[in-house]
Structure formats: structure tokens, C-alpha cells
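Chains A and B supply the protein sequences, listed in that same order. Every letter in the first sequence is one number past the one before it in the numbering used here, and letter 84, counting from 1, is 154. Every letter in the second sequence is one number past the one before it in the numbering used here, and letter 435, counting from 1, is 421. Note sheet for the following structure.
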Amino acid sequence: MPVDAKLSHTAAMILQAIHAGHIYGFSVMQMTGLPSGTVYPAMRRLERDGLILSRWEQQAIADADQRPPRKYYRLTRTGKTTLEAAYKRYPLLERMLPSPQSTLRQSTLPQSTLKEQRA
Amino acid sequence: MRSIRVHSVLFARINLRAASLLVPRADRAGWSAEWSAELYYACSARRCAADRWMQTGPLAFSLGAFHDAFWIRCNHLREEPLLQRASPIRRGLILATFAALAVILCLCLPGARQALLPIHAFRGNDLVTLSSAGYAGAQAPTIPLENYLEWQTNTDKLFSDLAWYRPAVKNVAMAHQGTARLSTGIASGNLFRVLGIALPGAPSASYSGPSLILTRKAWRRWFHSDPGVIGRVASIDGRPVRVASVLPDEADLPGQMDAWLLADQHALAQLPRHTKGFALARIRSSAFPAPRGGIRIMIETRDGVPRCFDCISVGWLAWQPSANFLFALLLACLALPATTALPLGDYPSHRGHRDRLAFAVRSRRWFFLVIKFVLVLAVVYPASIALAWGPSLPPSIALMIQVMAAFPALLFGFRWVLQDQRRRCPECLRLLSNPARVGQASCNFLSWNGTELFCDRGHGLLHIPELPTSWFSTQRWLCLDSSWLCLFSESSSTSPGMV
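Given below as C-alpha cells:
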């Protein structure tokens, strides 16, 4: 998928949520507020397009915690590049669902800049 | 609250199970596992507030699974080779579906069903309606009562039996049923004998007055299909009449009657002699052969002056919607060359051509064209009948509406068939793709400009000239041999990442 391809806002939100560390479906649903009928098909499409990758958690780990195994998602290199391109189109995306890096970056900014961004 | 949560988890599990059945078998296990895993976390979030629980809890999550399953199923169908957009079978299936819907619509509307399947209860080809105004007279009363009374004596050699009726609106009053305003045909007593309809219901020995025959439509509408109505005495204009029988639906005669009042000769003679009505007759085979459509005959009036009348076959009238459709078809065929070019293009089909298409390939292409034409007819015919004859309009208006609907639909349908055929690969019959404009209109000398399309399976290229010239007048197909195949690959046309 080309880097400059246009993502829908929903797809960009899901990418950003995964980037922000919400790496399984229900967590993405909770963070984005999108319904389950939207999130899972969208994640399948993103996976088909090579923007995210999924893997099942090992059964042993899940058994140890007495819960079913999770399906984890992570951004691919293309996914990250596409998400960065999407920030230009959806500038508020990073603020809506801040990723750990951006939180860290924001905390190192001067207070005046932070106030401007909040405004 | 606790019981609600327990029940919602139970329902969520049932929903997920049901949703997983909608997923294609190959993907079912994966999706089922993911949903089950996610449901665990949806249930774990139970400590949130009640309203939030209803929005994002297990039940809401499981209902979303149906959306997922629907999306998976749609994607699965889209990836079916036969159902892809470019596939000729998909096109055929869509047309066949429309045709089936149009037929179902026709069958649901009683008027349209009667026009689509003209099965009537009148027996024999020798039944005619007499008219003094050509074919228009078959739908409007044109025969005066005095003519009918004369013909009873002087047309023995022409007709074996003769009946007459005139449409009128009458108030039919019946005890415990109220008064119904019915379109009533005042008819000679032999009407149903002439029509060849055996009426159910035994004649009453105790009653010798006029009889009223209800149509099934009126019986349902005004008397709520009450079987007790038959045999009872009603009142029309203060005169008693006995309801003798109910007619079958198929016995529909011009005038759209709700009921028939069978009057004897004496009662008919009391009507004004210039009252116009419909005359029906059985032709004597020794007089002249039964007409397929209509035939004009001369009958002498009382004062010895011969007058022309048309004998129009009642059986033929039932086929009028079909004849009308054929007329619209003829008009559409005549108008088609004015809307699009008829040639399908220059394809290597003549003998001796290096890339000549195989006979089977050419036959399949022509077969596909014929099937599309047939399917367009199969869509338009019942649809036009449903539109025109469904709302129970007068026949003359219905016939006009049918032509006005069928003509443009056939014209644009046929135009689409030809255009669709020109945009298809002659070998695999799939739609050609990736149009590219080539050349410039200002550089036409020894060159050409136009559009090129190619078959995404690498069968060839189609060149469509922008301006037809003496050396490139129509679209031309260029076959590509197998050495070109490596350049072509079917790629998905869906936009990636779009939700």
C-alpha cells in the first residue's frame, strides 16, 4: 500500500490506538469508542493491506492467567509510515489517542507550548 | 443488575454462536476464537456503570459480531469469481433476478396477473364481440339495443347465439349487508350460455324474477366472501333480484363489472331502444371462419340498408397486452439505430485471419448477446404489464401506459445490451478495464486517436477510435498471444485501508 494512500478517519483511529499500545480488539474498541461491528472488519482490512500484523498469544501464557488466548495486533513499518502521513490529514488524532512516545514528547515540551496545544 | 449481567453474558454467547454460523466455513474457527477471546474482556469490564455496560458490554459486543459476519460474508461473495463485477455470469444473474422480481410483482397484482396469463373461462374460438367502431368498440359500448333485437331474428345464418349487455351503476341493497354501489351489467338472460360459462348454484324453484350474478371481486369486497349471500334476495332500484351465483375471476368481460343482472326479453324491451351496449355472439362455422383478430361483416338493418360491423375475437382481446408489447418492441427496434451504432466492432472472425477467434469462442459471445436480449425482454414485459394493468385502470389507458413504459425501457435496455457487449473481451466475456486515451485529435494524419482498453486476463486490447475514419471506422480487437500474459495480473480494485 502506498504511504500517501488516504486512510479513512476510522482506520486512522484504529491504527493510532494500536500504535498507542491498545493491542487487542476489545481494547481498541474501548479506546476509540467504535462498535465491535466496525473495529474487527476494519482491523482485518488493515491487516490485509499490510498496515498491521496479528498474532495469537501462546496458549501456555493464557492458561497461566486462566483466560482465553488473546489475538494481538501491532503496526508494521508501512503502517507506521502511513499513520505518520495520516497525522497531516487528521491533526487531532495524536491528541485524541496519545501514544507513549507522543506523551513523552509532550512532557518535555515547555509549558507555554503545551498550553497553546491544549487551547 | 447481577441477573441482567448473567443473562446478557448468556445471550452474548448464543449470539456469537449464531454469528459464527454466518461466517464462511473456512474462516469460522478463526473468527469464533477471536470473538470468544474478546468476549472474555468484554465481560471483565463489568465493573463499569450500567449505561456503559449496555453500550459496550458483552451483549452489545456480540450484536456487533453479526455486523462482522455480514461483512465477511459479503467479502466472501465479492471474491467469488462468478460474482465479480466484470463477470458475465454476474450480469446474467442480476438481469434474471430483476426478471423474477417483475414476474412476482405481476403475479401479486390481480389485474396484472390476468394480463400476464390470459386464461379466461370462455370456451371456443368462435366467440366474438360485435362493434360498430372498430377495435375501440370492443372496450366501449357501441351496439344499440334495437340492433340486438333485430339481429335476434335476421342473423340466424351468421350467429348461432347472440347476447347483449350494457354497463350501469346500481345500488344493490340487501338485508343485514347494507347497500353497495356496484357497476352492474344489465344483460340478456342467455349471456353466460353464449360465453360458455356454467354458473354454479342451483336455480330457485320459488323465484322467477331477474337473477344477479356477482363477480368474485365484488363478492369479496362488498359481501366479505359470505357464502350465505348466494340465494338471498337483494333489491336493485326497489325491484327484487335473487343473487344466483358468483363468477370465477377469469370471466372478465369489457366494462369491468361488479355484477350481472340477467333480465328476460320483456325487461330488456322496456329499456330505451337507443341504449348502447356490448353484443357477444357465437359464429356459425358455416357462415365464415372464426377470426384470429377481427373481421368486418355486413348486416342488413330493418329498413334494408346494409351496415358494417366488426366481429372481434374475445380470445384475441385477452392477448392484447402481449400484442401491445410486441408493438412497443417493434418501435424500440426501429428507434434503436438512432440511439447507438448497431455493429459490435471489428473482431478477427473471418477465415484466413492469423488471430481468428475459435468457433466456440464466437458462438459463446453471440449466445451471451442473445441471452442478454432475452433477459431484457423478460424484465420489461412483466414490469410493463405490472405498471399498466396492476392499478385496475380502464383498458384503453392501461394499453397506452404499457406502450409508454415498454418502449423506452426496451430501447434503453437494448442500447445497454449492445454497449455492454462492445466493452467485453470476446474470449472470456469479462468487462475490459483500464481505459487509456491514445493520440491527439489534432494529429490524425496517418495516425489515430482514441481509447484503448485491455482484458485483465491478457486476451487482447480493444482500440476504439475517437473519430471514425475510412481506415479505422469502428472499434478493433487485437488478440495478444500467450507471451504477453506475464504483463497482466488481476488485481483487486478495492481501496486499501478504507473503512
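We put the CB at the ideal spot given by N, CA and C, even for glycine. For clarity, every value in this text was computed on a predicted model and none was experimentally measured.
Go through its chain and collect everything with a Cβ distance to residue i's Cβ below 8 Å, but skip five positions before and after it.
i               : result
Q100 of chain A : H92
L85 of chain A  : L77, L116, L121, I122, L145, G149, T152, L153 and A156
P180 of chain A : Low local confidence applies: a pLDDT of 45 at P180 of chain A is under 50, so the model's placement there is unreliable, with the coordinate-based value given in what follows. So no residue of the chain qualifies.
E127 of chain A : P139, R140, K141 and Y142
L144 of chain B : A267, I269, R270, A273, F274, I283 and I285
A255 of chain B : L135
Which same chain residues, not among the five before or five after residue i, have their C-beta less than 6 Å away from its C-beta?
i                : result
V215 of chain B  : F209 and V229
V(-5) of chain B : C29 and P44
W118 of chain B  : It is Ser, not Trp, that sits at residue 118 of chain B in the sequence shown. The residues are T128 and F295.
S146 of chain B  : R268 and R270
Which residue wins for smallest C-alpha separation from residue i, given the options the options?
i               : options                           : result
N140 of chain B : B:I357, B:G290 and B:H445         : B:G290
L8 of chain B   : B:V(-5), B:A19, B:F56 and B:R351  : B:F56
A132 of chain A : B:R59, B:Y26 and B:G50            : B:Y26
I387 of chain B : B:A369, B:R401, B:G399 and B:V403 : B:A369
L181 of chain B : B:R218, B:A159, B:A220 and B:P234 : B:P234
W470 of chain B : B:D442, B:P213 and B:V114         : B:D442
L330 of chain B : B:C92, B:S73, B:F353 and B:Q461   : B:Q461
A51 of chain B  : A:Y110, A:A134 and A:M166         : A:Y110
D332 of chain B : B:R3, B:C465, B:R288 and B:W302   : B:C465
W53 of chain B  : B:R152, B:P292 and B:W17          : The displayed chain sequence assigns His, not Trp, to residue 53 of chain B. Ranking the options by Cα distance to H53 of chain B, first place goes to B:W17.
A12 of chain B  : B:R59, B:R(-1) and B:F(-3)        : B:R59
C429 of chain B : B:D406, B:T455 and B:F440         : B:T455
R225 of chain B : B:V347, B:R348 and B:G195         : B:G195
How many whole angstroms separate the CB atoms of residue i and residue j, which I take to be in contact at a CB cut-off of 8 Å?
i               : j               : result
A90 of chain A  : P168 of chain A : 6 Å
A318 of chain B : L397 of chain B : 4 Å
L448 of chain B : E438 of chain B : 7 Å
A23 of chain B  : G43 of chain B  : A23 of chain B to G43 of chain B, Cβ: 16 Å. No contact.
A159 of chain B : A364 of chain B : Not a contact, Cβ separation roughly 48 Å.
F47 of chain B  : S97 of chain A  : No, F47 of chain B and S97 of chain A are not in contact; Cβ-Cβ is about 12 Å, not under 8 Å.
F400 of chain B : V362 of chain B : 6 Å
N420 of chain B : Q426 of chain B : N420 of chain B to Q426 of chain B, Cβ: 20 Å. No contact.
A253 of chain B : W150 of chain B : Actually they do not touch by this definition, with Cβ atoms about 12 Å apart.
A384 of chain B : A374 of chain B : 4 Å
Just to confirm before moving on: does the CB-CB distance between residue i and residue j stay below 8 Å?
i               : j               : result
L417 of chain B : R408 of chain B : no
L131 of chain B : G280 of chain B : no
C472 of chain B : H445 of chain B : no
A154 of chain B : I172 of chain B : yes
L527 of chain B : T326 of chain B : In this structure chain B extends from -13 to 485, so residue 527 of chain B is not present and cannot be described.
L177 of chain B : A245 of chain B : no
R202 of chain B : V232 of chain B : yes
G376 of chain B : A98 of chain B  : yes
A299 of chain B : N111 of chain B : Reading the sequence as shown, one finds Ser at residue 299 of chain B and not Ala. Taking 8 Å as the Cβ cut-off, S299 of chain B and N111 of chain B qualify as a contacting pair.
H392 of chain B : V366 of chain B : Before going further, note that residue 392 of chain B is Ala rather than His in the sequence given. Cβ distance < 8 Å, so A392 of chain B and V366 of chain B count as in contact.
P92 of chain B  : I371 of chain B : The question names Pro, yet the displayed sequence has Cys at residue 92 of chain B. Taking 8 Å as the Cβ cut-off, C92 of chain B and I371 of chain B qualify as a contacting pair.
C297 of chain B : L116 of chain B : yes
P74 of chain B  : F354 of chain B : yes
W463 of chain B : P334 of chain B : yes
Can residue i be considered in contact with the ligand NAD, in the sense that its beta carbon sits closer than 7 Å to one or more heavy atoms?
i               : result
M160 of chain B : The ligand NAD is not part of the structure shown, which contains no ligands of any sort.
I'd like the list of long-range same chain contacts for residue i, defined as Cβ closer than 7 Å, with 5 residues on each side in sequence excluded.
i               : result
T80 of chain A  : L104, T108 and A112
R351 of chain B : P412 and L415
S211 of chain B : W205
S308 of chain B : none
R423 of chain B : T437
A550 of chain B : As displayed, chain B neither begins before -13 nor continues past 485, which places residue 550 of chain B out of reach and without an answer.
A87 of chain A  : V98, M101, T102 and L167
V389 of chain B : N310, F313 and A314
P258 of chain B : none
Since residue i is in the beta strand (DSSP E), which residue starts that stretch and which ends it?
i               : result
K203 of chain B : Where K203 of chain B is concerned, there is no enclosing beta strand (DSSP E), although the alpha helix (DSSP H) it sits in stretches over R202 to F209.
P153 of chain B : F145 to M160
G280 of chain B : G280 to E286
E132 of chain B : It is not in any beta strand (DSSP E) - E132 of chain B instead sits in the alpha helix (DSSP H) that spans L131 to N140.
A220 of chain B : V219 to I222
F274 of chain B : Looking at the DSSP string, F274 of chain B is not in any beta strand (DSSP E), and its letter there is neither H nor E.
G446 of chain B : G446 to P451
T108 of chain A : That residue, T108 of chain A, is in no beta strand (DSSP E); its alpha helix (DSSP H) goes S106 to R118.
S308 of chain B : Here S308 of chain B belongs to no beta strand (DSSP E); instead the alpha helix (DSSP H) covers Q306 to T325.
D296 of chain B : P292 to S299
How far does the alpha helix (DSSP H) with residue i in it reach, from first residue to last?
i               : result
P161 of chain A : Per DSSP, P161 of chain A belongs to no alpha helix (DSSP H) and is neither H nor E.
Y27 of chain B  : R11 to S30
Output yes if chain E places a C-beta closer than 8 Å to the C-beta of residue i; else output no.
i              : result
S18 of chain B : In the structure shown, chain E does not exist; the protein chains are A and B.
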